[in-house]
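Residue numbers (our numbering): 25 to 578.
What follows is the structure in structure tokens.
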């Protein structure tokens with residue numbers, strides 16, 4: 025990766041560049057990093073024309089245009105690099121995948137996606153009963169050297185694995201478990217097992233092979249009550265675990281704990297009946313909750329729920345975003361107070377609120393080994409979904425809304441409590457009004473994807489079809505996306521979306537859509553869309569991979 029340049033186009037007189045020979049100008053441009061090169065191209069049509077005619081320069085220009093950063097793979101010719109990037113760009117922009125893999129799993133099974141891996145925990149029969157097998161599938165990725173199809177590694181844990189998190193940059197795999205005590209005088213535990221992805225053994229850098237979190241639930245869980253792991257995330261040495269304790273009537277409490285897995289230190293705990301989170305770095309956590317929650321700070325761990333968290337006292341609490349800075353040093357006192365970003369009071373009627381974690385690389389995470397490019401962490405977005413009752417939604421909104429904001433706009437407090445009113449930060453937000461049946465909102469880099477299930481007029485509930493929608497929220501690509509509209513017009517739902525782009529005076533958002541079978545859920549990575557379909561007691565998985573295979577020089 026080239027070093028960042030300090031050049032700024034507006035500080036350099038344009039005529040001074042044009043007096044240089046083409047050869048010398050190309051040498052100067054070749055020293056620029058992608059972002060600086062992109063800025064020069066935006067400042068001068070002459071430079072843009074020159075860059076577009078040079079393969080290596082155009083590759084770096086396209087990286088910045090698409091919100092990507094250079095990786096560590098340098099075995100490809102400039103021509104192959106550019107071809108791979110342009111294929112990746114067009115495939116996602118037109119929602120056209122090149123490879124489809126299919127898997128079918130019998131119940132009972134637990135599955136999900138972490139990084140570029142699909143995990144599946146399933147019961148297998150043994151002579152003396154049943155045991156659990158954990159399969160980790162590495163998904164296809166055309167941004168790295170060629171692979172042989174879809175393959176998996178199998179592990180045989182001695183406990184029920186509920187969640188899996190994989191961080192290839194640290195060769196780290198985390199297995200999350202809920203331990204239910206056999207007697208009443210012991211707490212229910214959340215247990216994190218730290219494994220090495222290079223073999224079937226504990227991670228050598230972990231202070232302990234497993235960390236335990238003591239929940240507020242003690243003893244045997246009564247019928248009708250439920251204890252579940254909602255979400256697990258890791259960033260650097262910081263790991264977060266959230267556990268939901270839910271009563272029969274739907275009321276409950278969510279506990280979020282933050283730990284340092286390298287030292288074994290329990291850092292902080294948050295408790296509330298409605299909260300979701302995202303680790304944006306190894307020192308910062310963003311928590312979405314409703315005001316009025318009883319919140320405690322002590323020491324502990326955290327996680328996410330696929331279908332969101334519901335608010336039960338409708339109209340009495342307002343959603344807000346809290347940003348915290350985390351201190352890893354022991355004995356540093358209580359967690360610094362949050363900077364709270366408030367939403368309008370008219371949104372107090374919300375019946376559902378959930379933060380959608382961004383699945384792209386975080387700020388401190390380096391590019392994966394052998395990767396050609398990935399999403400630029402500096403451009404990551406944060407998304408929060410809201411559901412409003414039909415008869416109590418704010419006048420200006422649809423029933424389902426997603427609020428999107430640049431991650432860099434949400435900063436922790438400098439000193440003490442800070443509250444930011446909606447009027448002071450709404451200009452940084454995009455408000456997307458979704459169809460009433462929208463579900464499964466996913467975020468990767470600056471791409472937002474969701475699906476909606478549509479009931480066929482003459483069919484049974486099992487005959488529903490699904491539409492998957494992909495929204496590109498990168499303003500730099502607006503002219504390119506606009507040009508695609510003439511070739512493959514974007515599909516629009518009846519409820520209009522708010523302004524995302526202003527291109528030549530037109531308010532515009534590029535929305536690509538694909539019809540598919542009835543979906544239960546979906547996940548998204550930088551390369552693939554994973555669709556889940558449950559029917560007749562089995563779970564079908566479709567893995568759609570975008571881009572073209574990368575060629576490397578011998």
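From the three backbone atoms N, C-alpha and C, an ideal C-beta is built for every residue, glycine too.
- In the structure shown, what three-state DSSP assignment does residue 104 receive? helix
- Item | Residues near residue 491 in its chain [Cβ-Cβ closer than 7 Å; skip 5 each side] | 475, 476, 478, 537, 539
- Query: Does the stretch 177-195 come close enough to the stretch 152-163 to have 3 or more Cβ pairs within less than 8 Å?
  - Reply: yes
- Item | Selection from 556, 208, 252, 401 that minimises the alpha carbon distance to residue 431 | 401
- Message: Tell me the DSSP secondary structure of residue 557 in three-state form.
- Response: strand
- Item | Distance, residue 390 Cα to residue 138 Cα | Those two C-alpha atoms are separated by around 16 Å.
- Among 252, 128, 404, 410, nearest to residue 464 - alpha-carbon criterion: 410
- Query: Within 10 angstroms of its Cβ, does residue 223 collect 16 or more other Cβ (buried), or is it exposed?
  - Reply: exposed
- Going straight from the alpha carbon of residue 253 to that of residue 547, what length do you get? 18 Å
- Message: Assuming residue 48 is part of the alpha helix (DSSP H), what are its boundary residues?
- Response: 46-54
- Any idea what DSSP makes of residue 386, helix, strand or coil? coil
- Item | For residue 380 and residue 216, the rounded distance between their alpha carbons | 22 Å
- Item | Beta-carbon gap between residue 309 and residue 343 smaller than 8 Å | No, Cβ-Cβ distance for residue 309 and residue 343 is not below 8 Å.
- Query: Is DSSP giving residue 437 helix, strand or coil here?
  - Reply: coil
- Task: Report back the beta-carbon spacing between residue 295 and residue 313 to the nearest angstrom; my notes put them in contact at under 8 Å.
- Result: For a cut-off of 8 Å, the C-beta gap from residue 295 to residue 313 is around 10 Å, too long to register as a contact.
- Item | Own chain partners of residue 86 with C-beta closer than 6 Å, once the 5 adjacent residues on each side are dropped | 109
- Item | Collapsed DSSP secondary structure at residue 320 in the structure displayed | Residue placement at residue 320 is flagged as unreliable, the pLDDT there being 42, under the threshold of 50; the coordinate-derived value follows with that caveat. Note: residue 320 maps to coil in three-state DSSP.
- Query: Quick one, which of 115, 198, 150, 370 has its alpha-carbon nearest residue 141's?
  - Reply: Checked all of 115, 198, 150, 370; the closest Cα to residue 141 is 198.
- Nearest-angstrom Cα separation, counted from residue 185 out to residue 318: Confidence in residue 318 is poor, its pLDDT being 44 and thus under 50, which makes the residue's placement too unreliable to answer from.
- Query: In terms of alpha-carbon separation, which member of 450, 445, 418, 120 lies closest to residue 364?
  - Reply: 445
- Task: Output the distance between the C-alpha atoms of residue 123 and residue 88, rounded to the nearest integer angstrom.
- Result: 26 Å
- Straight-line gap, residue 235 to residue 288 (C-alpha atoms, nearest Å): 7 Å
- Task: Compare the beta carbon distance of residue 203 and residue 212 with 8 Å and say whether it is the shorter of the two.
- Result: Yes. Within cutoff.
- Message: Nearest by alpha-carbon distance to residue 52: which of 67, 264, 81 is it?
- Response: 81
- Query: Opposite residue 399 in the DSSP bridges: which residues?
  - Reply: 92
- Check each candidate in 84, 61, 132 and name the one with the smallest Cα separation from residue 561. Taking only the C-alpha atoms, the option nearest residue 561 is 132.
- Task: To the nearest angstrom, report how far apart residue 201 and residue 102 are at their CA atoms.
- Result: 46 Å
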